[in-house]
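**Student:**
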Amino acid sequence: MYDVDGNGVIDIQEMTKIVQAIYDMLGACSSNRPADSAEERAKNIFAKMDENNDGQLTQEEFLKGCLQDEELSKMLAP
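Using the working numbering, read the sequence shown as starting at 1176 and increasing by one per residue.
1) So, using beta-carbon positions, are A1213 and V1194 closer together than 8 Å?
2) Is it buried or exposed, A1217, if we count other Cβ atoms within 10 angstroms and call 16 or more buried?
3) Among N1219, V1179, N1227 and T1233, which one has its Cα closest to the Cα of E1246?
4) Could you check the C-alpha separation between G1230 and Q1243 for me, to the nearest Å?
5) Measure the CB-CB distance between D1199 and E1189 and report whether it falls below 8 Å.
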């Protein structure tokens, strides 16, 4: 779903685009928009999920990370 280029993994650029799109959907309602930038949020996501530190999230890493982080799961849910 979040693997934009279809290569089987999510990289930091894809995650940043996804987070930015979510931020854009939140729109001008500043009370709903997180304080950190899309880039910062994507880096934080990777710090939590990228277990082998290869700069890519496998489907397994992504799903495991979402299940362990309620806030992140809510943010990324369709």
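We put the CB at the ideal spot given by N, CA and C, even for glycine.
**Tutor:** Reading off the structure:
1) yes
2) buried
3) N1219
4) 19 Å
5) no
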